[in-house]
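Novice:
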Amino acid sequence: MRSLRSATTRSTLALLAAIPLVALAACSSSSSTSAAPAGDSTASATTAPPATPATEAPTTAAPTTAAPPTTAAATTTTAPPAPTSPARTVKDLLALGRPIILAHAGGEDTAPHSTPYAFGEAVKAGVDVLDFDLQLSKDGVLVVQHDDHTGRTTQQDLVVADSTFEQLHALDDAYWFTATCTCTDQPDSAYVLRGIRTGSVPPPAGYTPEDFAIPSFETYVRKYPDYVLNIEIKGTAPAAFATADALAALLRSTGALDRAVVTSFDDQVVDYFHSIAPEVVMTPGLQMSTDFVLGGTTPPPWAPIMQVPPEYQGLKVFTADYVAKAHAAGLVTWVWPNGVGEDVAGYRALLDLGAEGVNASDPAAGVAARDAFVAGR
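To get the working numbering, take the position in the sequence shown, counting from 1, and add 9.
Right, dumping it as structure tokens:
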């Protein structure tokens, strides 16, 4: 499939037009896939000493970016202005008439998972959408974190729900990142970004130690006011309802309801979030997605964006037959490659088959595939 189907775009926009939009607040200019679980494995953490405590105090509301630690290593040059997404709202995004590229966790293959540094690099690469996994800290802060503990990416293995934001934010979220994997079995020299968070290593030009921490989600909402945000609420009902409440409140208070796509693996969480924030465009949960893929049951109009992997548990999901069925139902599909074919050729193949979006772990490769696809139409 070499081009987007205009009928699909029109149908989806019609669905969105039926979703009531709230007026943006004055400050409005200030995951993730439902159809497959993340393929990350949990690695054992070391028992290294805690990182230098953050200067930001814990709070019951998601804080803005804290000031970087005052160290000689934190001195950086001023970053150039970040590129701006061509579509600020979900409605505008779906009206672009071309495929879009999402930065999966900021681009986990090329930068530390879910860090401000990763998202900064993805924005510079030219992605259309930023992709987040959200959890709630012990003191009620929405944090951008995939696993329910921190051992896979940081020097301490803390349980997110049992830790304050200050404790989480102080960690080095690039501790186990290498040029080829996020893993614990490499020589120390392989961990190319380790120590920037704690001030023992100077950051790359344009960045600070804060950019290698576990951040609050509000940091991103305010830092990137012109980007659509693809958001997965981690966890299951009823515990994840608190995360849903916090997310709905934050999106409403920042005027970001119209630029969010929200999902969860748990359909109860998806339904709950829709009940408290009906203005927000949703992606179906796992069961609802499965019902469509296997049985053809179309999701409700408020969940018009499918997010699927090419294959799930041995079943080929994203096929020509699936594309035809999704287009006939007026659905848009964003494909998460799930670690397979994460390069220009792999992403281009998904676009050629009919994906309206690719959630890329290598954002620059995704953008290159998108641009080549558009040029070749």
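Note that the Cβ used here is the ideal one computed from N, Cα and C, for glycine as well.
Provide the residue span of the beta strand (DSSP E) that contains residue 366, from first to last.
Specialist: 366-369 is the extent of the beta strand (DSSP E) around residue 366.
Novice: Is residue 385 near the ligand ADP - that is, is its Cβ less than 7 Å away from at least one heavy atom of it?
Specialist: Here there are no bound small molecules, and the ligand ADP is not part of this structure.
Novice: Alpha carbon to alpha carbon, what distance is there between residue 290 and residue 20?
Specialist: Confidence at residue 20 is low in this model, with a pLDDT of 45, below 50, so the placement of that residue should be treated as unreliable; the coordinate-derived value is given next. The alpha-carbon atoms of residue 20 and residue 290 are separated by roughly 14 Å.
Novice: Helix, strand or coil: which one does DSSP assign to residue 225?
Specialist: DSSP places residue 225 in strand when its eight states are reduced to three.
Novice: If you reduce the DSSP assignment to three classes, tell me which class residue 210 lands in.
Specialist: Looking at residue 210 - three-state DSSP - the assignment turns out to be coil, as it is neither helix nor strand.
Novice: Out of 164, 183, 302, state which residue places its alpha-carbon closest to the alpha-carbon of residue 324.
Specialist: Ranking the options by Cα distance to residue 324, first place goes to 302.
Novice: Identify the residues that DSSP records as bridge partners of residue 327: which are they?
Specialist: Note: residue 327 sits in no beta bridge, so no partner.
Novice: Using three-state DSSP, classify residue 376 as helix, strand or coil.
Specialist: Three-state result, residue 376: helix.
Novice: Specify the secondary structure class of residue 35 as computed by DSSP and reduced to three states.
Specialist: Bear in mind that the predicted position of residue 35 carries a pLDDT of just 28, short of 50, making it unreliable; the figure below should be weighed with that in mind. Residue 35 falls in the helix class under three-state DSSP.
Novice: Please state the DSSP three-state secondary structure of residue 252.
Specialist: Three-state DSSP puts residue 252 in a helix.
Novice: Roughly how many angstroms lie between the CA atoms of residue 333 and residue 364, to the nearest whole one?
Specialist: C-alpha separation (whole angstroms): 11 Å.
Novice: What do you reckon, are the CB atoms on residue 268 and residue 238 nearer than 8 Å?
Specialist: Yes, Cβ-Cβ distance for residue 268 and residue 238 is below 8 Å.
Novice: Would you mind sorting residue 208 into buried or exposed? The rule is 16 or more other CB atoms within 10 Å of its CB.
Specialist: Residue 208 is buried by the Cβ-count criterion.
Novice: Would you be able to state if there are at least three C-beta pairs under 8 Å between the segment 134-143 and the segment 175-194?
Specialist: Contact fails: fewer than three Cβ-Cβ distances are below 8 Å.
Novice: Tell me, please, which residues DSSP counts as bridged to residue 345.
Specialist: Answer is none; residue 345 lacks a bridge partner.
Novice: In chain order, what residues of the same chain lie with their CB nearer than 6 Å to the CB of residue 245, ignoring the 5 residues before and after it?
Specialist: Within the same chain, residue 245 has close Cβ partners 275.
Novice: The beta strand (DSSP E) spanning residue 317 covers which residue range?
Specialist: Run containing residue 317: 314-317, per the beta strand (DSSP E) assignment.
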